[in-house]
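Residue numbers (the working numbering): 1122 to 1285.
Just so you know, even glycine gets a beta-carbon here, dropped at the ideal spot from N, CA and C.
Take a look at the structure set out below.
Quick look at the structure:
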């Protein structure tokens, strides 16, 4: 079963991501208390405008990237250091990437995948580690629009909306 492994928010740009057991999602806004919901994330206001309600990454993607890094003698990234809001387990990075343009659920909350989170240097710079771009290529996760408001919790199911 695919499910939420962990939830992270940062109330200010550049602050460490803080782990939560639960979070309140606001449709079309983001996670209550998170920098992007507040409009003060590092990339808030960038052009062209992007939907930054929430970001997701897979645990298996983080683990695979870390195996490559450690094999090369580099430091691994902790889940909070990848700067994504939700870490999901039981799904591959490839399957997560295939959700672009599709709806899915975190618990009872419906979302729509809007774009890939192409890796940038920000996580490397903030964690004082290296090689984030290469290690997380095609594993950077997705951004999504929140379509329904409500609460999510660690352990809630992650599932794609199947259209008959």
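Query                                                                                                                                                              : Result
Name the residue from 1196, 1234, 1211 and 1239 whose alpha carbon lies nearest to the alpha carbon of residue 1220.                                               : 1234
Under the DSSP definition of a beta bridge, which residues are partnered with residue 1210?                                                                        : 1124
Would you say the segment 1255 to 1265 touches the segment 1179 to 1195, given that touching needs at least three Cβ pairs under 8 Å?                              : yes
Rounded to whole angstroms, what is the Cα-Cα separation between residue 1193 and residue 1253?                                                                    : 13 Å
Give the range of the alpha helix (DSSP H) segment to which residue 1183 is assigned.                                                                              : 1180 to 1192
Determine the closest residue to residue 1122 out of 1213, 1246, 1218 and 1265, with distance taken between C-alpha atoms.                                         : 1213
Applying the 10 Å Cβ sphere with the 16-neighbour rule, what's the burial state of residue 1137?                                                                   : exposed
In the DSSP output, which residue or residues are listed as bridge partners for residue 1263?                                                                      : 1177 and 1237
Starting from residue 1247 and walking both ways along the alpha helix (DSSP H), at which residues does that stretch end?                                          : 1243 to 1248
Please report how far the alpha carbon of residue 1135 lies from the alpha carbon of residue 1247, in whole angstroms.                                             : 7 Å
Where does residue 1215 land, buried or exposed, given buried means 16+ other C-beta within 10 angstroms?                                                          : exposed
Among 1172, 1157, 1195 and 1228, whose alpha-carbon lies nearest the alpha-carbon of residue 1143?                                                                 : 1228
Looking at C-alpha atoms only, which residue of 1147, 1148 and 1152 is the closest neighbour of residue 1139?                                                      : 1152
Report the partner residues of residue 1139 according to the DSSP bridge assignment.                                                                               : 1130
In whole angstroms, what separates the C-alpha of residue 1269 from that of residue 1148?                                                                          : 5 Å
Using a Cβ-Cβ cutoff of less than 8 Å, which residues in the same chain neighbour residue 1276 once the five nearest sequence positions on both sides are dropped? : 1124 and 1125
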